[in-house]
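**Q** Pasting a structure here, questions to come.
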Amino acid sequence: MKNIKTELPDPSVLKEEILKRYPRKIAKKREKSIVINDPDAIPEVQANVRTIPGIITQRGCTYAGCKGVILGPSRDVVNIVHGPIGCSFYAWLTRRNQTQPPTPDSPNFITYCFSTDMQDSNIVFGGEQKLRKAIREAYELFHPYSISVFSTCPVGLIGDDIHAACREMKEELGINVFGFSCEGYRGVSQSAGHHIANNKIFSDVVGREETKGRMGKFQINMMGEYNIGGDAFVLEKYFEEMGATLVASFSGNSTIESYEYAQEADLNLVMCHRSINYIAEMMEKKYGIPWFKVNFIGANASAKSLRKLAEYFGDKEMIEKTEMLIEREMAKVKAVIERVRPKVEGKRAMLFVGGSRAHHYQELFGELGIETLVAGYEFGHRDDYEGRRVIPSIKVDADSRNIEELQVSQSDRLFKPELLTKKSGLEGKGFKFHDYEGMMPDMKKNSLVIDDISHWETEKIIEMMKPDIFCAGIKEKYVVQKHGIPLKQLHSYDYGGPYAGFEGAINFYLEMERMLACDIWKMIDAPWKNEPSIMGSMVYE
Ligand code: CFM
1252 MKNIKTELPD PSVLKEEILK RYPRKIAKKR EKSIVINDPD AIPEVQANVR
1302 TIPGIITQRG CTYAGCKGVI LGPSRDVVNI VHGPIGCSFY AWLTRRNQTQ
1352 PPTPDSPNFI TYCFSTDMQD SNIVFGGEQK LRKAIREAYE LFHPYSISVF
1402 STCPVGLIGD DIHAACREMK EELGINVFGF SCEGYRGVSQ SAGHHIANNK
1452 IFSDVVGREE TKGRMGKFQI NMMGEYNIGG DAFVLEKYFE EMGATLVASF
1502 SGNSTIESYE YAQEADLNLV MCHRSINYIA EMMEKKYGIP WFKVNFIGAN
1552 ASAKSLRKLA EYFGDKEMIE KTEMLIEREM AKVKAVIERV RPKVEGKRAM
1602 LFVGGSRAHH YQELFGELGI ETLVAGYEFG HRDDYEGRRV IPSIKVDADS
1652 RNIEELQVSQ SDRLFKPELL TKKSGLEGKG FKFHDYEGMM PDMKKNSLVI
1702 DDISHWETEK IIEMMKPDIF CAGIKEKYVV QKHGIPLKQL HSYDYGGPYA
1752 GFEGAINFYL EMERMLACDI WKMIDAPWKN EPSIMGSMVY E
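Counting in my numbering, the sequence shown runs from 1252 upward without gaps.
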């Protein structure tokens, strides 16, 4: 059996070790993305820049961020992927976002794949006609509420005008048809796809239905919650119990139809800041709807977010109901923490997930006394690390300039000045809006922060720090487990979940008990560790 409590190496030594093996130019670049944290004087992290070719990134592409992440979870829209069939891997449920249509015959196209299946001849002679045909065919077969189209890399390269095709089809079919120029290469990661999706939903969908009328006394939108493993279902129950009406959810368990009157909300709650802050900002400008950041991962974070929501509306009854909910749920949470915490306390975690979860899940680990040694995002921006205060100082490079910034102005008819008055009143009392502080203030001094981690860096930190658990995705899972370290997938939850809210927190504690309260992983050695083998290495400079 191996010693599982090896000493924690000084991170600067580890950083040097990592960089030493890179060619000089690459080391110079990576150095800026590997930083030693100091919560009192947060250092700058290089983020949202191009990945070094060949380094083996965790990242996905722009199209994945637009289609898979933002639009994927909406159920009443036929999402057509315009491109070769290989790209249509992302046309289907790759992300475990669940949905619950109100009745069995309500539209739900989430389980379908729609692709134009471009062939060589379409690349040579153009694919617009094929796209028009596909839109028509989808309409005739399914009569969906709306249809959207996603461009993949070859479409951008050959110059098909998907937007012209969408406009024509919108006219012909009489439903909303809109397209996304989200070719995989558009940006440096999924993040560009989020922005492109936000822009188009904002310009072509939100506000289409001008007046829906009040649906409840306290109306909210939930933003950046994608219902992975049923997380949104948990939160919907809480909102209902508090007396808050959910107008639209961007985009877990959602419909495009509901986005059309999302401007009716009195407040936008932002869960995943990275993927959805653009719409929240634009809705505030155009309609006057304030937003603040929430986090429903972790029992304490959930309580804090629900309290803030109740405080925003300031309604006595809602505040009472919220307190009752928190008290009831916290009693259950505490009982499980008391049992699980002594078994896992002091264990050490590493988290590498897209743009939010590497931060949010530190809350859950913290509740169990598990320390985060190293964390990083695949595609977060500097504000997700260092907080929104750095936004004005972020350099806009050519890659970011490539993504359109919409010019938004106040709507004459739909702007709600009373919300702005409410907002400034609350601000006077110290209530915070636009308030994402980022990951680093919540991490300990000398913890490591690594943006867009490479395969080599992953192996090195595991080897040198020997964490007890590693959180990432399916691409990393088996590599990490071969090191004798259990991996918890935080994208798909490994078919578990929900992990949001109080009941989600309990699910996660129990999962950590299963994964961490036994040392079985540490007892396994890969066969090649005990048998002789031939090894070699190569350095390129
Ligand atoms: Fe936001 Fe997400 Fe995430 Fe994200 Fe994603 Fe995801 Fe993620 Mo996978 S929107 S940034 S692009 S919280 S799919 S639901 S788990 S990488 S950390």
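All C-beta atoms, glycine included, are put in the ideal place defined by N, C-alpha and C.
When every heavy atom of the ligand CFM is checked, does at least one fall within less than 8 Å of the C-beta of glutamine 1441?
**A** If you number the sequence shown from 1, residue 1441 lands on position 190. Correct: glutamine 1441 has its Cβ closer than 8 Å to the ligand CFM.
**Q** Kindly indicate which three-state DSSP category lysine 1451 falls into: helix, strand or coil?
**A** As a first step, residue 1451 is located in the sequence shown; it is residue number 200 there, counting from the start. Helix, per DSSP.
**Q** Identify whether asparagine 1373 lies in helix, strand or coil by the three-state DSSP scheme.
**A** The count along the sequence shown starts at 1 and reaches residue 1373 at position 122. Three-state result, asparagine 1373: helix.
**Q** Please tell me whether, using a cut-off of 8 Å, the distance from the CB of glutamate 1614 to the nearest non-hydrogen atom of the ligand HEM is below it.
**A** This structure lacks the ligand HEM; its bound ligands are the ligand CFM.
**Q** Can you tell me whether leucine 1741 sits near the ligand CFM, meaning its C-beta is under 8 Å from at least one heavy atom of the ligand?
**A** Position 490 of the sequence shown, counted from the start, is the residue given in the question as residue 1741. Result yes, Cβ under 8 Å from the ligand CFM.
**Q** Relative to the ligand CFM, is the shortest distance from any of its heavy atoms to the C-beta of tyrosine 1687 smaller than 8 Å?
**A** Numbered from its first residue, the sequence shown carries residue 1687 at position 436. No - the ligand CFM has no heavy atom lying nearer than 8 Å to the Cβ of tyrosine 1687.
**Q** Would you check if there are 3 or more beta carbon pairs closer than 8 Å linking the segment 1666 to 1681 to the segment 1647 to 1655?
**A** Proximity of the segment 1666 to 1681 to the segment 1647 to 1655 falls short of the contact definition, fewer than three beta-carbon pairs being nearer than 8 Å.
**Q** What are the boundary residues of the alpha helix (DSSP H) that tyrosine 1760 is part of?
**A** As a first step, residue 1760 is located in the sequence shown; it is residue number 509 there, counting from the start. 1752 to 1767 is the extent of the alpha helix (DSSP H) around tyrosine 1760.
**Q** Is it the case that the Cβ atoms of phenylalanine 1429 and isoleucine 1447 are separated by a distance below 9 Å?
**A** Your numbering for residue 1429 matches position 178 in the sequence shown. Your numbering for residue 1447 matches position 196 in the sequence shown. Not a contact, by the Cβ cut-off of 9 Å.
**Q** For serine 1660, is the beta carbon positioned less than 8 Å from some heavy atom of the ligand CFM?
**A** Counting from one through the sequence shown, the residue named residue 1660 turns up at place 409. No, the beta carbon of serine 1660 sits no closer than 8 Å to any heavy atom of the ligand CFM.
**Q** Measure the alpha-carbon distance for asparagine 1254 versus glycine 1617 and round it to whole angstroms.
**A** Counting from 1 along the sequence shown, the entry for residue 1254 is found at position 3. Counting from 1 along the sequence shown, the entry for residue 1617 is found at position 366. Residue placement at asparagine 1254 is flagged as unreliable, the pLDDT there being 40, under the threshold of 50; a coordinate-derived value is accordingly withheld.
**Q** Relative to the C-alpha of lysine 1598, which candidate in Ile1621, Ala1649, Glu1614, Arg1579 has its C-alpha closest?
**A** In the sequence shown, counting from the first residue as 1, residue 1598 sits at position 347. Here the closest residue by C-alpha is Ile1621.
**Q** Indicate the three-state DSSP secondary structure (helix, strand or coil) for leucine 1486 in the structure shown.
**A** The residue you call residue 1486 lines up with position 235 of the sequence shown. DSSP places leucine 1486 in helix when its eight states are reduced to three.
**Q** Who are the Cβ neighbours of isoleucine 1642 in its own chain at under 6 Å, not counting the five residues just before and after it?
**A** Translated into positions along the sequence shown, residue 1642 becomes position 391. If we look at isoleucine 1642 and ignore the five residues flanking it on each side, its Cβ neighbours are Asp1634.
**Q** Quick one: is phenylalanine 1490 buried, meaning 16 or more other Cβ sit within 10 Å of its Cβ, or exposed?
**A** Residue numbering aside, residue 1490 sits at position 239 when the sequence shown is read from its first letter. With 16 or more other Cβ atoms within 10 Å, it is buried.
**Q** Taking only heavy atoms of the ligand CFM into account, decide whether any of them is closer than 8 Å to the Cβ of glutamate 1629.
**A** Stepping through the sequence shown from its first residue, residue 1629 is reached at position 378. Flag set: Cβ of glutamate 1629 near the ligand CFM.
**Q** Which word fits asparagine 1504, buried or exposed, when buried means at least 16 other C-beta atoms lie within 10 angstroms of its C-beta?
**A** On the sequence shown, residue 1504 is found 253 positions in, with the first residue counted as 1. That one is buried.
**Q** Using a Cβ-based criterion (distance less than 8 Å to any ligand heavy atom), does valine 1320 qualify as near the ligand CFM?
**A** Taking the first residue of the sequence shown as 1, we reach residue 1320 at position 69. Yes, since a heavy atom of the ligand CFM falls inside the 8 Å radius drawn around the Cβ of valine 1320.
**Q** State the start and end residues of the unbroken alpha helix (DSSP H) segment that holds threonine 1462.
**A** Taking the sequence shown and counting its residues from 1, the one referred to as residue 1462 is at position 211. From DSSP, threonine 1462 is part of no alpha helix (DSSP H); its letter is neither H nor E.
**Q** If you draw a straight line from the C-alpha of arginine 1387 to the C-alpha of leucine 1424, how long is it?
**A** Counting from one through the sequence shown, the residue named residue 1387 turns up at place 136. Counting from one through the sequence shown, the residue named residue 1424 turns up at place 173. Distance between the alpha carbons of arginine 1387 and leucine 1424 is about 8 Å.
**Q** So if DSSP puts glutamate 1200 in a beta bridge, which residue, or which two residues, is it bridged to?
**A** Residue 1200 is absent from the model: the chain starts at 1252 and stops at 1792.
**Q** Mapping the DSSP letters down to three states, classify lysine 1799 as helix, strand or coil.
**A** A query on residue 1799 cannot be resolved here, the shown segment of the chain reaching from 1252 to 1792 and no further.
**Q** For the beta strand (DSSP E) that valine 1521 lies in, which residues bound it at each end?
**A** Locating residue 1521 in the sequence shown gives position 270, counting from the first residue. Element bounds for valine 1521: 1518 to 1521.
**Q** So does the segment 1479 to 1497 actually touch the segment 1736 to 1752, counting three or more Cβ pairs closer than 8 Å?
**A** yes
**Q** Measure from the alpha carbon of histidine 1611 to the alpha carbon of each residue in Glu1580, Ser1644, Met1690, Val1659, then state which is nearest.
**A** One-based indexing of the sequence shown puts residue 1611 at position 360. For histidine 1611, the nearest C-alpha among the options comes from Met1690.
**Q** Is it buried or exposed, glutamate 1258, if we count other Cβ atoms within 10 angstroms and call 16 or more buried?
**A** Position 7 of the sequence shown, counted from the first residue, corresponds to residue 1258. Its pLDDT being 41, under 50, glutamate 1258 is placed unreliably in this model, and the coordinates cannot settle the point.
**Q** What are the boundary residues of the alpha helix (DSSP H) that valine 1406 is part of?
**A** As a working mapping, residue 1406 is identified with position 155 in the sequence shown. First-last of the alpha helix (DSSP H) with valine 1406: 1404 to 1409.
**Q** Do the segment 1400 to 1407 and the segment 1332 to 1352 make contact, defined as three or more Cβ pairs closer than 8 Å?
**A** yes
**Q** Given the structure, does serine 1263 come close to the ligand CFM, in the sense that its CB is under 8 Å from one of the ligand's heavy atoms?
**A** As a first step, residue 1263 must be located in the sequence shown, where it is residue number 12. Serine 1263 Cβ: outside cutoff for every heavy atom of the ligand CFM.
**Q** Measuring CB atoms only, is the segment 1728 to 1740 touching the segment 1520 to 1537, in the sense that at least three cross pairs come out at less than 8 Å?
**A** no
**Q** So who's on the other strand from leucine 1497, going by DSSP bridges?
**A** Stepping through the sequence shown from its first residue, residue 1497 is reached at position 246. Paired residue(s): Ile1471.
**Q** Classify tryptophan 1779 as buried or exposed, calling it buried when 16 or more other Cβ atoms lie within 10 Å of its own Cβ.
**A** Here residue 1779 is taken as the residue at index 528 of the sequence shown, counted from 1. Here tryptophan 1779 is exposed. Its C-beta has fewer than 16 other C-beta atoms within 10 Å.
**Q** Just mark valine 1584 as buried or exposed, buried being the case when its beta carbon has 16 or more other beta carbons within 10 Å.
**A** Along the sequence shown, one-based indexing puts residue 1584 at 333. That one is buried.
**Q** Between lysine 1283 and lysine 1266, what straight-line distance do the alpha-carbon atoms span, to the nearest angstrom?
**A** Reading the sequence shown from its first residue, position 32 is the one you call residue 1283. Reading the sequence shown from its first residue, position 15 is the one you call residue 1266. Distance between the alpha carbons of lysine 1283 and lysine 1266: 11 Å.
**Q** From proline 1262 to lysine 1717, what distance separates their C-alpha atoms?
**A** The residue given as residue 1262 occupies position 11 in the sequence shown. The residue given as residue 1717 occupies position 466 in the sequence shown. So the alpha carbons of these two residues sit roughly 13 Å apart.
**Q** So, helix, strand or coil for leucine 1738, using DSSP?
**A** Indexing the sequence shown from 1 puts residue 1738 at position 487. Strand at leucine 1738.
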